[in-house]
Each structure stands twice: as structure tokens, then as C-alpha cells.
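J.: Numbered per the working numbering, the sequence shown spans residues 227 to 325. Beta carbons are placed, not taken as given, at the ideal position from N, Cα and C, and that holds for glycine.
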Amino acid sequence: MEIEIARTRLTDKQAELSHKQNILAVKGNIRSLTEEQWGSKQQVAEVGVQISSLGVDKANDKLGIEQELLSVSKTLGEERIAKARRKLYEIHEFEGVEG
């Protein structure tokens with residue numbers, strides 16, 4: 227009878243130990259998943275920083291292009307003004323010769 231009681235207690239203790247080991251394994255898995263998730267969050271943050279950086283680069287490129295266009299427009303405008311002045315001068319010169 228005592229042997230049966232001891233076996234039952236041993237079986238109960240083994241079941242309790244197995245249950246505790248399962249709990250520890252689950253906690254370990256959760257910790258591992260959390261660490262993996264943290265790694266993923268860091269990667270997402272890094273990608274976000276890269277995207278932001280690309281946005282800044284794109285904005286700088288756009289600004290540079292706009293500045294170039296303004297410069298070209300200014301140059302074209304100056305050329306057009308000079309051309310119009312030459313024509314005006316030629317017209318006045320021509321009118322002066324006839325007049």
C-alpha cells in the first residue's frame with residue numbers, strides 16, 4: 227500500500243514538474259517572440275528612417291530642379307527681353323532712317 231501511495235505521489239510530482247517545464251518553455255517562447263518582434267520593430271523603424279531620408283532627398287532634388295528651372299527661366303527671360311530690345315532698337319533705327 228505504501229508503495230502505491232509513493233508511486234502516486236511520484237507520478238503527481240512528475241506531472242507537476244512537467245507542467246512547470248511546459249510553463250517555462252512557453253515563457254521562453256514568448257520571450258523569444260518578443261525579442262523577434264522587437265527586432266522587427268527596429269527594422270520597421272530603420273525602414274521608416276530610410277523612407278524619411280528618401281523624402282528629404284527627393285524634396286532636395288525637387289528644390290534643386292526648381293532652382294535650375296527658375297535659373298533657366300530667368301536666363302530665357304533675359305534673352306527674350308534682350309531680343310525684344312534689339313527688335314525695338316531696330317524698329318526705332320529703321321523709323322529714324324525713313325523719318
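Can you list the alpha helix (DSSP H) stretches of 4 or more residues lying completely in the stretch 258-313, in chain order?
T.: Those alpha helix (DSSP H) runs which fall completely within the stretch 258-313 and span 4+ residues do not exist here.
J.: Whole angstroms is fine: what's the gap from I291's alpha carbon to R312's?
T.: Taking the sequence shown and counting its residues from 1, the one referred to as residue 291 is at position 65. Taking the sequence shown and counting its residues from 1, the one referred to as residue 312 is at position 86. Going from the Cα of I291 to the Cα of R312 covers about 31 Å.
J.: Roughly how many angstroms lie between the CA atoms of L259 and M227, to the nearest whole one?
T.: Along the sequence shown, read from residue 1 onward, the residue named residue 259 stands at position 33. Along the sequence shown, read from residue 1 onward, the residue named residue 227 stands at position 1. Taking the straight line from one Cα to the other gives about 48 Å.
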